[in-house]
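Numbering (the numbering used here), first residue to last: 1 to 285.
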């Protein structure tokens with residue numbers, strides 16, 4: 001059965017112009033050559049210190065007769081990202097805009113007659129983005145879509161956590177979201193140094209708790225104090241598609257030396273959490 005949810009808290013940021021690919025190649029961690037109209041890839045945009053300003057889905061859409069690379073960005077970051085990205089255009093023939101289009105999340109197989117562009121989510125055949133008209137599908141809650149992202153280990157950088165993490169901390173390298181061969185981009189020196197000269201000391205892991213979802217940016221505690229930070233969270237029984245017991249699941253960046261825990265959501269250590277597996281292998285050493 002097909003379920004859909006309006007993703008009103010997300011916007012599409014697109015780049016057009018003859019220098020669009022060259023411009024974005026010098027900004028994003030992903031190789032623009034791999035962008036497709038039918039499936040997303042992960043990408044990040046970092047500052048000069050290698051800290052992520054954005055991490056999320058990159059794909060291609062069609063605007064005024066040309067293919068345009070596009071990013072799915074949180075609405076609370078959209079205007080700031082647009083303004084900052086435009087600062088780097090300089091003499092490049094590239095125009096950056098926020099598209100005025102509705103975005104839906106589809107859980108299930110999209111119908112052939114769907115009106116709009118259906119884009120498969122990275123590595124998942126049963127989840128798509130739809131840019132266009134509302135589909136003929138049963139509704140589901142926004143939390144179900146968020147929960148699917150969490151179980152897939154897909155990070156979301158919001159206005160609260162922008163500038164907090166280096167790409168490897170949120171597993172962008174494990175999701176194929178970093179190219180180490182494409183050449184220079186903003187923050188590339190820091191990202192490459194972490195791969196070739198250092199060790200990633202903090203990684204994003206998945207947790208559960210019989211509790212309300214913690215806010216993005218909330219601290220995680222161990223016996224010695226704060227050892228992590230929440231990236232995103234969702235209730236585990238928010239709507240029709242999850243069908244699981246109540247509670248919460250969340251992604252959090254933690255200090256690997258503090259594994260296996262125990263970890264808590266509060267300094268008083270009255271809210272313990274449980275470490276869950278991700279669908280990809282996370283190097284813990």
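Glycine included, C-beta positions come from ideal geometry on N, C-alpha and C. Keep in mind it's a predicted model, so treat the numbers as computed, not measured.
Residue i - containing alpha helix (DSSP H), residue span
{"i": "residue 143", "result": "142-152"}
{"i": "residue 221", "result": "Careful: residue 221 lies outside any alpha helix (DSSP H), inside the beta strand (DSSP E) at 219-222."}
{"i": "residue 190", "result": "188-196"}
{"i": "residue 25", "result": "20-25"}
Coil, strand or helix - residue i by DSSP
{"i": "residue 239", "result": "Because the pLDDT of residue 239 is 43, which lies under 50, any placement of that residue in the model is unreliable, and the number read from its coordinates should be weighed accordingly. It is coil, neither helix nor strand."}
{"i": "residue 107", "result": "strand"}
{"i": "residue 82", "result": "helix"}
{"i": "residue 34", "result": "helix"}
{"i": "residue 229", "result": "strand"}
{"i": "residue 244", "result": "Only weak support is given to the placement of residue 244: the predicted model assigns it a pLDDT of 47, under 50, and the value that follows is read from those uncertain coordinates. Three-state DSSP puts residue 244 in coil, outside helix and strand."}
{"i": "residue 139", "result": "strand"}
{"i": "residue 2", "result": "coil"}
{"i": "residue 77", "result": "helix"}
{"i": "residue 15", "result": "strand"}
{"i": "residue 281", "result": "coil"}
{"i": "residue 87", "result": "coil"}
Given residue i as reference, the closest of the options once Cα atoms are compared
{"i": "residue 136", "options": "159, 235, 183 and 104", "result": "104"}
{"i": "residue 210", "options": "188, 231, 141 and 236", "result": "236"}
{"i": "residue 277", "options": "75, 152 and 57", "result": "152"}
{"i": "residue 84", "options": "65, 54, 63 and 60", "result": "54"}
{"i": "residue 188", "options": "279, 119 and 48", "result": "48"}
{"i": "residue 15", "options": "139, 8 and 23", "result": "23"}
{"i": "residue 213", "options": "198, 232 and 206", "result": "232"}
{"i": "residue 110", "options": "133, 79 and 171", "result": "133"}
{"i": "residue 140", "options": "102, 36 and 7", "result": "7"}
{"i": "residue 254", "options": "270, 279, 234 and 283", "result": "283"}
{"i": "residue 107", "options": "184, 1 and 271", "result": "1"}
{"i": "residue 287", "options": "63, 102, 119 and 62", "result": "In the structure as shown, the chain starts at 1 and stops at 285, and residue 287 therefore has no counterpart that could be examined."}
{"i": "residue 87", "options": "270, 186, 207 and 266", "result": "186"}
{"i": "residue 160", "options": "215, 198, 149 and 13", "result": "215"}
Opening and closing residue of the beta strand (DSSP E) in which residue i lies
{"i": "residue 291", "result": "Because the chain in this structure spans residues 1 to 285, residue 291 falls outside the shown range and cannot be described."}
{"i": "residue 67", "result": "66-74"}
{"i": "residue 41", "result": "41-46"}
{"i": "residue 276", "result": "274-276"}
{"i": "residue 117", "result": "116-120"}
{"i": "residue 176", "result": "Here residue 176 belongs to no beta strand (DSSP E), and DSSP marks it neither H nor E."}
{"i": "residue 96", "result": "95-98"}
{"i": "residue 259", "result": "Element bounds for residue 259: n/a, residue is neither H nor E."}
Which residues DSSP lists as bridging residue i, in chain order
{"i": "residue 8", "result": "The partner list for residue 8 (beta bridge, DSSP) is empty, contrary to what the question assumes."}
{"i": "residue 204", "result": "253"}
{"i": "residue 264", "result": "221 and 272"}
{"i": "residue 130", "result": "104 and 118"}
{"i": "residue 216", "result": "BP columns for residue 216 are empty, so no partner."}
{"i": "residue 28", "result": "45"}
{"i": "residue 159", "result": "Answer is none; residue 159 lacks a bridge partner."}
Near the ligand SAM: residue i beta-carbon under 6 Å from a heavy atom
{"i": "residue 132", "result": "By its list of ligands, the structure shown contains no ligand whatsoever, and the ligand SAM lies outside what it can speak to."}
Q. If you pair each beta-carbon of the stretch 187-196 with each one of the stretch 246-256, do three or more pairs fall below 8 Å?
A. no
Using 8 Å as the threshold, is the stretch 38-51 in touch with the stretch 134-148, meaning 3 or more CB pairs across them?
no
| said: Tell me whether the stretch 63-74 and the stretch 197-204 touch, counting them as touching only if at least three CB pairs, one residue from each stretch, are closer than 8 Å. | reply: no
Are there three or more Cβ pairs, one per stretch, closer than 8 Å when the stretch 226-237 is compared with the stretch 254-271?
yes
- Query: Hey, is the stretch 178-189 in contact with the stretch 212-220, meaning 3+ C-beta pairs nearer than 8 Å?
  - Reply: no
Taking one C-beta from the stretch 92-111 and one from the stretch 16-25 each time, how about it: are there three or more such pairs within less than 8 Å?
-> yes
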